[in-house]
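In our numbering, the protein residues as written are 7 to 550. Backbone N, C-alpha and C fix where the C-beta goes; we use that ideal spot for every residue, glycine too. Note that the structure is predicted; figures quoted are calculated from it, not measured. Below is one structure, written out as structure tokens; the observations come after it.
Structure, rendered in structure tokens:
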């Protein structure tokens, strides 16, 4: 993994807070959703409380006052702390005077960089065009979504999915939409979440404060002396005059935001192999409490797989301890997938049955072998596909164990006991040798075969099972096979059982068998598969 440049030390100049971002308005960009339209549209996700949310996720109804500090100065605070009067730039001593039990966390730029890397991978699940931006380091995520609107059923649904995905990971984003990446970033920083079309872009940007530019203190003082508080005042000035006072960078940014000059950005480089680590804010001794932190890693993995049009059959969650070797939790899936909900369900089931040998300090998620997932065509009437069975298989394996659930394959053998064999997960993914044809018609076969045939009771020339008389519905089907196995034709009486489940008479084992099979029904309507071996009548299977 190649991390992005570390965030430099210094309190960020935050203009928008997650609690004051306005509602998205989509009317101005509906032209992007019309058929054939490929107008560029950038979505910016700015995280004003990001430095704190890597320690304490936002969104809980019972959040206690907390703040992130750097050199004894508050960098950002959560809603509970802001409600108590704490704000960015306040001295920590003053903040503690207002809230004595304030939870403070020292800022860690390296952890912020890793978290932004995970978010960029997650954003790959919506668009392959992702970029990181920021004043002193990456604090804003830029995603080009103009070509993805139809895939996600329109702009409104796509924005809701992205917002909800960020919130579920414990972040509180401010969104900005614009036809240029820089304009989208400024809108997000200014708390203006309205979607700006190219026609009204200058007017909407003009209402933003100049603080969204990230200027140095000397430049901000100059603008204040000129009486310029909003970008509209800068748009009214000639570019040559701005260049003389502030250098060429400021007029270039203004032109790039308006789309007058191309904004060439370095795209985010998705790693070739996925292996990401997450340092926990505190030691965790209960396995179920690891789910939230691990979900951030799984979300990143899901987005990374989407950029490669791939999926995984398994991945490993490595739990690191202080004094013991790492614990490896294998997550296996019934088929290649990148569906976050499926991966999370399997993880939840596995953690519920997992006992930690020691408290966990860090998590690491590894996915070694990604396989390409072929595209699928949706049914005209939204028919359910066979892949919907895979989550059920994964949940059963997570609860019962990998060996408890397996597939079945046909053998080229007429004997019912030898006609099928179990398949492992790897074998079930493709065709194996010896697999017989499944499309040839033949006599009815029950899905449920008894482990050992049960002897049926005969009385007055009639067959009885569990006190009920049996009526044969079909004629005899002769099965005579297995002479080549050279295994004794009979087994001990202890190996056969009667209808009460106790040892009964003998029945030919899986060798040279000679049986006449019938379909029978009892008074309760159960359809049974019975046979006669020339000596006794036996119950061998039950039809569903």
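Between which two residues does the alpha helix (DSSP H) carrying residue i extend?
i: residue 241; result: 237-241
i: residue 308; result: 297-313
i: residue 470; result: Premise fails: residue 470 lies in the beta strand (DSSP E), 468-471, not in any alpha helix (DSSP H).
i: residue 88; result: 85-89
Per DSSP, what kind of secondary structure is residue i in: helix, strand or coil?
i: residue 460; result: strand
i: residue 222; result: coil
i: residue 158; result: coil
i: residue 29; result: Note that residue 29 has pLDDT 43, beneath the 50 cutoff, so the model's placement of it is unreliable and the number below is only indicative. It is coil, neither helix nor strand.
i: residue 106; result: coil
i: residue 78; result: coil
i: residue 426; result: strand
i: residue 406; result: helix
i: residue 114; result: coil
i: residue 57; result: helix
i: residue 325; result: strand
i: residue 370; result: strand
i: residue 334; result: strand
i: residue 210; result: helix
i: residue 540; result: coil
i: residue 73; result: strand
i: residue 94; result: coil
i: residue 360; result: coil
i: residue 122; result: helix
Assign residue i to one of two classes, buried (16 or more other C-beta atoms within 10 Å of its C-beta) or exposed (fewer than that).
i: residue 161; result: buried
i: residue 471; result: buried
i: residue 409; result: exposed
i: residue 291; result: exposed
i: residue 132; result: buried
i: residue 359; result: exposed
i: residue 5; result: Here the chain comprises residues numbered 7 to 550, so residue 5 is not present and cannot be evaluated.
i: residue 493; result: Any reading at residue 493 needs caution, since the residue's pLDDT is 48, under 50, leaving its predicted position unreliable; the model's value is listed next. So residue 493 ends up on the exposed side.
i: residue 552; result: Because the chain in this structure spans residues 7 to 550, residue 552 falls outside the shown range and cannot be described.
i: residue 209; result: exposed
i: residue 145; result: buried
i: residue 159; result: exposed
i: residue 97; result: exposed
i: residue 330; result: exposed
i: residue 107; result: exposed
i: residue 363; result: exposed
Using alpha carbons as the reference points, say which of the options lies closest to residue i.
i: residue 485; options: 252, 472 and 524; result: 524
i: residue 540; options: 521, 118 and 116; result: 521
i: residue 183; options: 170, 164, 172 and 171; result: 164
i: residue 114; options: 48, 286, 219 and 255; result: 286
i: residue 110; options: 130, 122 and 79; result: 79
i: residue 117; options: 169, 125 and 60; result: 60
i: residue 483; options: 421, 531, 474 and 333; result: 421
i: residue 467; options: 460, 475 and 461; result: 475
i: residue 397; options: 194, 181 and 350; result: 350
i: residue 69; options: 87, 57 and 75; result: 87
i: residue 251; options: 226, 265, 537 and 266; result: 226
At which residues does the beta strand (DSSP E) containing residue i begin and terminate?
i: residue 413; result: 413-416
Answer with yes or no whether the minimum CB distance from residue i to chain B is below 8 angstroms.
i: residue 323; result: Annotation note: the requested chain B is absent from the structure, which comprises a single protein chain.
Within 8 angstroms, do at least three Cβ pairs link the stretch 265-274 to the stretch 76-92? no
Is it a yes or a no for the stretch 289-308 touching the stretch 209-224, going by three-plus beta-carbon pairs under 8 angstroms? Cβ pair count under 8 angstroms is below three, so no.
Assess contact between the stretch 299-310 and the stretch 244-264, defined as three or more Cβ pairs (one per stretch) separated by less than 8 angstroms. Is contact present? Taking 8 angstroms as the limit for Cβ pairs, the verdict is that the stretch 244-264 does not touch the stretch 299-310.
Taking 8 angstroms as the cut-off, does the stretch 46-54 touch the stretch 172-188 (at least 3 CB pairs, one atom from each stretch)? yes
Pair every Cβ in the stretch 185-204 with every Cβ in the stretch 71-78, then say whether three or more of these pairs are closer than 8 angstroms. no
Between the stretch 122-129 and the stretch 301-321, do at least 3 Cβ pairs fall closer than 8 angstroms? yes
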